[in-house]
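As structure tokens, the structure follows; a few thoughts come after it.
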Amino acid sequence: MTNSCKQEMDQDLRRGAWTLEEDNLLIHYINCHGEGRWNLLAKSAGLKRTGKSCRLRWLNYLKPDTKRGNLTPQEQLVILQLHSKLGNRWSKIARHLPGRTDNEIKNYWRTRVQKQARHLKIDSSSKKFVEALHRFWMPRLLEKVEQTSSSLVSNSTASTLTMEIDQNKVTTYPKTEQTVFTSLSSAQPSDNEPNNYGSSICASNSCGNMLPEMSQMYGDSTHTFYNSSLHNINCYNVDINELDMIDFGSDDMSALNFQLVDNDGTRSGDVAADTYWNMDELWP
DNA sequence: AATGGACACAACCGCCGATGG
DNA sequence: GCCATCGGCGGTTGTGTCCAT
Numbered sequence: 001m002t003n004s005c006k007q008e009m010d011q012d013l014r015r016g017a018w019t020l021e022e023d024n025l026l027i028h029y030i031n032c033h034g035e036g037r038w039n040l041l042a043k044s045a046g047l048k049r050t051g052k053s054c055r056l057r058w059l060n061y062l063k064p065d066t067k068r069g070n071l072t073p074q075e076q077l078v079i080l081q082l083h084s085k086l087g088n089r090w091s092k093i094a095r096h097l098p099g100r101t102d103n104e105i106k107n108y109w110r111t112r113v114q115k116q117a118r119h120l121k122i123d124s125s126s127k128k129f130v131e132a133l134h135r136f137w138m139p140r141l142l143e144k145v146e147q148t149s150s151s152l153v154s155n156s157t158a159s160t161l162t163m164e165i166d167q168n169k170v171t172t173y174p175k176t177e178q179t180v181f182t183s184l185s186s187a188q189p190s191d192n193e194p195n196n197y198g199s200s201i202c203a204s205n206s207c208g209n210m211l212p213e214m215s216q217m218y219g220d221s222t223h224t225f226y227n228s229s230l231h232n233i234n235c236y237n238v239d240i241n242e243l244d245m246i247d248f249g250s251d252d253m254s255a256l257n258f259q260l261v262d263n264d265g266t267r268s269g270d271v272a273a274d275t276y277w278n279m280d281e282l283w284p
């Protein structure tokens, strides 16, 4: 094909947002002939789009089983966990979330997760940030998952699933609505610090696996809580073994300390805080 | 009411590996 | 083995919407 011919065809190609008419053409063609061979498909369907553009539009938006709307806490949890294992392998992560696309997951990571990293002034690819996710975000998501499943259970008389959760212990965890965490990469926990959740975390340098640690904090009920939550997210085809928490080096951990702060941003015991971890922004 | 910034999401771009002629 | 084409993937950009000023 000559260059001028190519240019002519390029000029003829449409770009930008898809119209309803284009969508209908694409859907109708795929319903009749199936997907694949996207360049040929684009021409045959009478679409002035590249094959790539058609493929993307179909996979990310038009495909019947594509889910729309906010990611559930379960899905977020799976994303966070798999990202810590797989990195930016969005398509691989997406395979564990039926109906979700790599594009959607990538956008979620960039807008929500990296936003938190910016707040904390931590590189989102750093161990420190991953650790923060594992220590604060994921337990909160687990709690959300648990709440969701509990309400499902309570609403369903047919279900025989029982949740052996000691709600009182679970709610000793900082409240999402009220709590802001402060990252203190250099500060050490004060001896005078009340023995709240934050200080118990500060006291701990080992964080190989969150499960035993959470159990230590909350007692055996946490074990049940965590396990039942894992059960809930296991419908996403995640190997439970993959959900083992990342093993962090203790050196790195010694530099990471979190303390509980009041809602107005002042921290109990220490006032110098220039970054914060806002739990309210972690999910819609 | 107008405007500018932040945000979320759809779409595009460029690269790379697989495949077939 | 070489080249062209295609499909898949991750990174980036464009655009619409919302909200604060």
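Residue numbering for the first sequence is 1 to 284, as defined by full-length UniProt numbering. Just so you know, even glycine gets a beta-carbon here, dropped at the ideal spot from N, CA and C.
Nonlocal neighbours in the same chain, by C-beta distance under 7 Å from residue i, ignoring five residues either side
i	result
residue 100	67, 75, 94
residue 30	58
residue 108	71, 79
residue 12	48
Cβ-based neighbour list, residue i, same chain, cut-off 6 Å, excluding 5 preceding and 5 following
i	result
residue 129	117, 122
residue 212	Note that residue 212 has pLDDT 36, beneath the 50 cutoff, so the model's placement of it is unreliable and the number below is only indicative. If we look at residue 212 and ignore the five residues flanking it on each side, it has no Cβ neighbours.
residue 60	101, 103
residue 246	For residue 246, the predicted structure reports a pLDDT of 37, less than 50, and the residue's modelled location is therefore unreliable. A value from the coordinates is still provided. Closer than 6 Å at Cβ, skipping near neighbours: 84.
residue 133	80
residue 144	73
Proximity below 8 Å, CB of residue i to CB of residue j
i	j	result
residue 58	residue 26	yes
residue 41	residue 54	yes
residue 98	residue 141	no
residue 78	residue 96	yes
residue 23	residue 62	yes
Own chain, CB closer than 8 Å to residue i, minus 5 neighbours either side, in chain order
i	result
residue 52	38
residue 106	88, 90
Quiz item: Is the stretch 33-48 in contact with the stretch 75-90, if contact means three or more CB pairs nearer than 8 Å?
Solution: no
Quiz item: Going along the chain, which unbroken runs of the beta strand (DSSP E) with 3 or more residues stay wholly within the stretch 22-75?
Solution: none
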